[in-house]
Amino acid sequence: SITYGNTQTWEQSYPSDTSGFGFGIAYDLVQASDGGYIMAGELDLPTGAIRHYIQLLKTDINGNEVWRKLLAEYGDVRMDRVNALHLMPDDGVLFGGSTAYNQQGLYLVRTDKNGDTLWTKIHYSNGIITNFSKTNNFNFLSVVRTNTDLTLIKTDTLGNILLTKTLDDFFQVIDIQATNNNDYIIA
Numbered sequence: 003s004i005t006y007g008n009t010q011t012w013e014q015s016y017p018s019d020t021s022g023f024g025f026g027i028a029y030d031l032v033q034a035s036d037g038g039y040i041m042a043g044e045l046d047l048p049t050g051a052i053r054h055y056i057q058l059l060k061t062d063i064n065g066n067e068v069w070r071k072l073l074a075e076y077g078d079v080r081m082d083r084v085n086a087l088h089l090m091p092d093d094g095v096l097f098g099g100s101t102a103y104n105q106q107g108l109y110l111v112r113t114d115k116n117g118d119t120l121w122t123k124i125h126y127s128n129g130i131i132t133n134f135s136k137t138n139n140f141n142f143l144s145v146v147r148t149n150t151d152l153t154l155i156k157t158d159t160l161g162n163i164l165l166t167k168t169l170d171d172f173f174q175v176i177d178i179q180a181t182n183n184n185d186y187i188i189a
């Protein structure tokens, strides 16, 4: 943790899992209302079959692990990725990512404040999500890349699709945000 003025208050490493097998990577984190942090990333297991699992980890304000959740059955052959994590008003999280489990698609998961899954939505496509952002009214924007185009998808807080629009150009998307007048800007 780094405070204002660049003073380091704590540093912590988290083993990938209890067996010490595999490795973990955190892709995003949010600060919870209790001052702790919730991180989202993946656990990769080098077993010969593809095993990339999404993992959530909650810490207290001092960086001590409070809970950890693996969002798949340990041992399943999966290729799941998380791109962004958003704190919801009840201190649960909603994250967006992609999955290649059975089919490829946009993967949305909503949890409660303890990391327990409330719902999961998969919107199948032949692409992977590259960006995931929250709008002012807790709808969510996703950019999905295929081999030939980009698609903008807007979903509500339950993961239901509100809008799908294929974008004219194929380019590298770095970020997507909603503007104050409910338009979208893509960089």
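With the numbering used here applied, the sequence shown corresponds to residues 3 to 189, in that order. C-beta atoms are modelled at their ideal positions from N, C-alpha and C, and glycine is treated no differently. Keep in mind that this is a model prediction, so the values were computed, not measured.
Cβ distance (whole Å) where residue i is taken to contact residue j below 8 Å
i, j, result
"L96", "L110", "7 Å"
"S35", "D93", "5 Å"
"Y55", "A74", "5 Å"
DSSP state of residue i mapped onto helix, strand, coil
i, result
"V175", "coil"
"F134", "strand"
"I102", "Reading off the sequence shown, one finds Ala at residue 102, where the question assumed Ile. Correct three-state label for A102: coil."
"I63", "coil"
"D93", "coil"
"Y126", "strand"
"F160", "A small fix is needed here, since residue 160 is Leu in this sequence, not Phe. Reduced to three states, the DSSP call for L160 is coil."
"D82", "strand"
"Q14", "coil"
"G117", "coil"
"D30", "strand"
Distance between residue j and residue i (C-alpha atoms, nearest Å)
i, j, result
"L1", "N184", "Past the edges of the chain, shown from 3 to 189, lies residue 1, and the structure says nothing about it."
"I178", "K136", "9 Å"
"G161", "K123", "6 Å"
"R147", "T132", "7 Å"
"N66", "L143", "32 Å"
"L164", "N141", "9 Å"
"D151", "T168", "7 Å"
"G117", "V84", "15 Å"
"N139", "H125", "21 Å"
"Y39", "M81", "25 Å"
"T159", "T11", "35 Å"
"D46", "G37", "28 Å"
"G26", "Y186", "33 Å"
"I176", "I188", "8 Å"
"Q106", "L120", "22 Å"
"Q57", "F134", "17 Å"
"K156", "T9", "39 Å"
"R112", "G99", "12 Å"
"V68", "K115", "11 Å"
"L31", "T101", "20 Å"
"E44", "A28", "7 Å"
"Q33", "L72", "20 Å"
"T166", "A180", "15 Å"
Residue range of the beta strand (DSSP E) that includes residue i
i, result
"L154", "152 to 157"
"T181", "No beta strand (DSSP E) holds T181; DSSP gives it neither H nor E."
"M41", "39 to 46"
"L72", "67 to 72"
"Y109", "107 to 113"
"L164", "163 to 169"
"S144", "142 to 147"
Contact between the region 79 to 91 and the region 61 to 70 (3+ Cβ pairs under 8 Å): no
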